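*Asks:* One structure follows; several queries about it will come next.
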Amino acid sequence: MLIVVVNYNYIYYYYEVSFDSQKKIINKNNPIDYIEDYVLDDDIETYRLSRDEITISSKGIWKNYKISFKWYEYKKIIEVNSYFDMSKKNKIKKSIYSLISDVNKKANVGFFNFCPKLNTIFYSYKISVKGQNYITVEQVQDFIDLVTSECDRFFPVFFVFFYKKQDPVYALDIAVLDTYGEA
(Lines of atoms letter the chains of each structure in order from A; the text may use other names.)
(Lines give C-alpha, C1' and ligand atoms only; values in the text may rest on other atoms or scores of the structure.)
Protein backbone atom coordinates (compact mmCIF):
# COMPACT_ATOMS: atom_id res chain seq x y z
CA MET A 27 0.00 0.00 0.00
CA LEU A 28 1.13 3.52 -0.79
CA ILE A 29 -0.30 6.91 0.15
CA VAL A 30 -0.22 9.43 -2.71
CA VAL A 31 -0.65 13.15 -2.00
CA VAL A 32 -2.00 15.38 -4.77
CA ASN A 33 -2.09 19.17 -4.51
CA TYR A 34 -4.94 20.68 -6.52
CA ASN A 35 -5.81 24.36 -6.08
CA TYR A 36 -4.10 24.40 -2.70
CA ILE A 37 -6.20 21.48 -1.48
CA TYR A 38 -4.37 18.28 -0.64
CA TYR A 39 -6.01 14.97 -1.55
CA TYR A 40 -4.74 11.72 -0.09
CA TYR A 41 -5.21 8.57 -2.11
CA GLU A 42 -4.65 5.08 -0.83
CA VAL A 43 -3.35 2.96 -3.70
CA SER A 44 -2.11 -0.59 -4.12
CA PHE A 45 -0.47 -2.41 -6.99
CA ASP A 46 -1.65 -5.52 -8.82
CA SER A 47 0.58 -8.31 -10.14
CA GLN A 48 1.44 -6.28 -13.26
CA LYS A 49 2.54 -3.26 -11.20
CA LYS A 50 -0.55 -1.25 -12.21
CA ILE A 51 -2.10 1.06 -9.64
CA ILE A 52 -5.35 -0.07 -8.01
CA ASN A 53 -7.23 2.82 -6.42
CA LYS A 54 -9.13 1.58 -3.37
CA ASN A 55 -11.11 4.74 -2.62
CA ASN A 56 -12.93 5.43 -5.88
CA PRO A 57 -16.45 3.93 -5.98
CA ILE A 58 -16.60 4.47 -9.75
CA ASP A 59 -14.11 1.60 -10.04
CA TYR A 60 -16.50 -0.66 -8.11
CA ILE A 61 -19.41 0.41 -10.32
CA GLU A 62 -17.36 -0.27 -13.44
CA ASP A 63 -16.35 -3.73 -12.15
CA TYR A 64 -19.99 -4.59 -11.45
CA VAL A 65 -21.35 -3.47 -14.82
CA LEU A 66 -18.51 -5.14 -16.73
CA ASP A 67 -19.40 -8.44 -15.05
CA ASP A 68 -23.00 -8.04 -16.27
CA ASP A 69 -22.05 -7.05 -19.86
CA ILE A 70 -23.70 -3.64 -19.53
CA GLU A 71 -22.64 -1.00 -22.06
CA THR A 72 -20.30 1.49 -20.35
CA TYR A 73 -18.42 4.68 -21.16
CA ARG A 74 -15.68 5.66 -18.73
CA LEU A 75 -15.49 9.42 -19.22
CA SER A 76 -12.85 10.16 -16.59
CA ARG A 77 -11.37 8.77 -13.41
CA ASP A 78 -14.41 10.02 -11.48
CA GLU A 79 -17.22 9.53 -14.00
CA ILE A 80 -18.84 6.64 -15.82
CA THR A 81 -21.98 6.37 -17.96
CA ILE A 82 -23.89 3.13 -18.42
CA SER A 83 -26.97 1.98 -20.32
CA SER A 84 -29.92 0.52 -18.45
CA LYS A 85 -32.95 -1.09 -20.08
CA GLY A 86 -36.24 0.21 -18.77
CA ILE A 87 -39.86 -0.53 -19.58
CA TRP A 88 -40.27 2.46 -21.90
CA LYS A 89 -36.75 2.89 -23.25
CA ASN A 90 -33.05 2.50 -22.55
CA TYR A 91 -31.67 5.11 -20.16
CA LYS A 92 -28.17 6.52 -20.00
CA ILE A 93 -27.21 6.71 -16.33
CA SER A 94 -24.10 8.60 -15.32
CA PHE A 95 -22.30 8.26 -12.00
CA LYS A 96 -19.98 11.03 -10.89
CA TRP A 97 -17.73 10.78 -7.82
CA TYR A 98 -16.93 13.86 -5.73
CA GLU A 99 -13.90 12.83 -3.69
CA TYR A 100 -13.77 15.85 -1.38
CA LYS A 101 -17.46 15.51 -0.42
CA LYS A 102 -17.58 11.69 -0.54
CA ILE A 103 -20.73 11.90 -2.67
CA ILE A 104 -21.82 9.94 -5.73
CA GLU A 105 -24.09 11.90 -8.05
CA VAL A 106 -26.38 9.81 -10.24
CA ASN A 107 -28.02 11.40 -13.31
CA SER A 108 -30.15 10.28 -16.20
CA TYR A 109 -31.97 12.15 -18.92
CA PHE A 110 -34.92 11.53 -21.18
CA ASP A 111 -33.87 11.77 -24.79
CA MET A 112 -37.18 13.25 -25.88
CA SER A 113 -36.25 16.73 -26.99
CA LYS A 114 -38.88 18.42 -29.10
CA LYS A 115 -38.30 21.11 -31.67
CA ASN A 116 -41.43 23.04 -30.68
CA LYS A 117 -41.32 25.49 -27.83
CA ILE A 118 -42.14 23.97 -24.46
CA LYS A 119 -44.52 26.01 -22.32
CA LYS A 120 -43.43 27.38 -18.97
CA SER A 121 -45.98 25.08 -17.35
CA ILE A 122 -43.30 22.37 -17.58
CA TYR A 123 -41.95 23.78 -14.31
CA SER A 124 -45.31 23.28 -12.62
CA LEU A 125 -45.38 19.70 -13.91
CA ILE A 126 -41.85 19.04 -12.63
CA SER A 127 -42.79 20.45 -9.23
CA ASP A 128 -45.78 18.10 -9.02
CA VAL A 129 -43.73 15.12 -10.22
CA ASN A 130 -40.97 15.85 -7.69
CA LYS A 131 -43.56 15.69 -4.90
CA LYS A 132 -44.38 12.14 -6.02
CA ALA A 133 -40.79 10.97 -6.62
CA ASN A 134 -39.45 8.54 -4.03
CA VAL A 135 -35.82 9.66 -4.21
CA GLY A 136 -34.10 12.38 -6.20
CA PHE A 137 -35.65 15.01 -8.41
CA PHE A 138 -36.43 15.89 -12.01
CA ASN A 139 -35.29 19.07 -13.73
CA PHE A 140 -35.88 20.68 -17.13
CA CYS A 141 -33.02 21.92 -19.29
CA PRO A 142 -34.36 24.65 -21.61
CA LYS A 143 -31.18 24.67 -23.68
CA LEU A 144 -31.59 21.00 -24.63
CA ASN A 145 -35.40 20.95 -24.26
CA THR A 146 -35.27 17.75 -22.22
CA ILE A 147 -35.80 16.35 -18.72
CA PHE A 148 -33.06 15.24 -16.33
CA TYR A 149 -33.31 13.03 -13.24
CA SER A 150 -30.75 13.38 -10.46
CA TYR A 151 -29.96 12.22 -6.96
CA LYS A 152 -26.92 12.09 -4.71
CA ILE A 153 -25.65 9.43 -2.33
CA SER A 154 -23.29 10.08 0.57
CA VAL A 155 -20.73 7.32 1.12
CA LYS A 156 -18.85 9.08 3.89
CA GLY A 157 -17.25 6.58 6.27
CA GLN A 158 -17.35 3.72 3.76
CA ASN A 159 -14.21 2.37 2.12
CA TYR A 160 -16.13 0.65 -0.65
CA ILE A 161 -19.63 0.16 -2.02
CA THR A 162 -21.29 -3.22 -2.34
CA VAL A 163 -22.71 -4.99 -5.37
CA GLU A 164 -26.16 -4.63 -3.79
CA GLN A 165 -25.72 -0.86 -3.55
CA VAL A 166 -24.72 -0.61 -7.22
CA GLN A 167 -27.75 -2.72 -8.20
CA ASP A 168 -29.95 -0.46 -6.07
CA PHE A 169 -28.53 2.70 -7.70
CA ILE A 170 -29.29 1.38 -11.19
CA ASP A 171 -32.69 -0.09 -10.27
CA LEU A 172 -33.79 3.08 -8.49
CA VAL A 173 -32.93 5.37 -11.40
CA THR A 174 -34.52 3.03 -13.92
CA SER A 175 -37.71 2.61 -11.89
CA GLU A 176 -38.12 6.35 -11.20
CA CYS A 177 -37.53 7.19 -14.88
CA ASP A 178 -39.95 4.44 -15.98
CA ARG A 179 -42.54 5.64 -13.50
CA PHE A 180 -42.57 9.22 -14.78
CA PHE A 181 -41.60 8.79 -18.44
CA PRO A 182 -45.29 8.58 -19.52
CA VAL A 183 -46.05 11.87 -17.75
CA PHE A 184 -43.35 13.74 -19.63
CA PHE A 185 -44.16 11.95 -22.89
CA VAL A 186 -47.80 13.05 -22.68
CA PHE A 187 -46.73 16.60 -21.85
CA PHE A 188 -44.14 16.84 -24.65
CA TYR A 189 -46.08 15.13 -27.44
CA LYS A 190 -49.80 15.24 -26.62
CA LYS A 191 -51.03 18.14 -24.52
CA GLN A 192 -48.89 20.63 -22.62
CA ASP A 193 -51.12 20.68 -19.57
CA PRO A 194 -49.50 19.50 -16.29
CA VAL A 195 -52.76 18.36 -14.65
CA TYR A 196 -53.78 16.40 -17.75
CA ALA A 197 -50.34 14.77 -18.07
CA LEU A 198 -50.28 13.67 -14.42
CA ASP A 199 -53.87 12.40 -14.40
CA ILE A 200 -53.53 10.41 -17.59
CA ALA A 201 -50.09 8.90 -16.96
CA VAL A 202 -49.71 8.25 -13.20
CA LEU A 203 -51.79 5.83 -11.23
CA ASP A 204 -51.25 5.91 -7.50
CA THR A 205 -52.31 2.64 -5.87
CA TYR A 206 -53.69 2.40 -2.38
CA GLY A 207 -53.69 -0.92 -0.51
CA GLU A 208 -53.77 -4.39 -1.99
CA ALA A 209 -56.36 -6.11 -4.15
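Its first residue numbered 27, the sequence shown is counted upward by one per residue in our numbering.
Just so you know, even glycine gets a beta-carbon here, dropped at the ideal spot from N, CA and C.
On a predicted model such as this, the values are computed, not experimentally measured, just so you know.
Assuming the contact rule is C-beta atoms closer than 8 Å, K96 and K156 should be a hit. Round their C-beta distance to whole Å, please.
*Replies:* So it is not a contact: roughly 16 Å between Cβ atoms.
*Asks:* Using a Cβ-Cβ cutoff of less than 8 Å, which residues in the same chain neighbour S121 once the five nearest sequence positions on both sides are dropped?
*Replies:* Answer for S121: Q192, D193, P194, listed in chain order.
*Asks:* Of all Cβ atoms in chain B, is any one closer than 8 Å to the Cβ of D69?
*Replies:* As a matter of chain content, chain B is missing from the structure shown, which is built from one protein chain.
*Asks:* Return helix, strand or coil for L75, following the three-state DSSP convention.
*Replies:* Note: L75 maps to strand in three-state DSSP.
*Asks:* Using a Cβ-Cβ cut-off of 6 Å (strictly less than) and excluding sequence neighbours within five positions of F181, which residues of its own chain qualify?
*Replies:* Result list for F181: W88, in chain order.
*Asks:* What residue from E62, F187, K117 has the CA that sits closest to I93's CA?
*Replies:* When only C-alpha atoms are compared, the closest one is E62.
*Asks:* Is S121 helix, strand or coil by DSSP?
*Replies:* S121: coil per DSSP, three-state reduction.
*Asks:* Going along the chain, which residues of its own chain have a beta-carbon closer than 7 Å to the beta-carbon of F184, five neighbours each way excluded?
*Replies:* Taken in chain order, the residues that qualify are F110, M112, I147.
*Asks:* Hey, out of Q158, D68, L125, N90, whose CA is closest to I200's CA?
*Replies:* If we check each option's Cα against that of I200, L125 comes out closest.
*Asks:* Which one of N145, C141, I118, Y151 has the shortest CA to CA distance from N107?
*Replies:* Of the listed residues, the one whose Cα sits closest to N107 is Y151.
*Asks:* Starting from the Cα of D59, find the closest Cα among E99, Y91, E176, N90 and give me that residue.
*Replies:* Comparing Cα-Cα distances from D59 to each of E99, Y91, E176, N90, the minimum goes to E99.
*Asks:* What residue does the beta strand (DSSP E) around Y160 start on, and which one ends it?
*Replies:* Counting along the chain, Y160 falls outside any beta strand (DSSP E), and DSSP gives it neither H nor E.
*Asks:* Please name the residue, chosen from K119, I104, Y73, that lies closest to F187 on a Cα-to-Cα basis.
*Replies:* Ranking K119, I104, Y73 by Cα distance to F187 puts K119 first.
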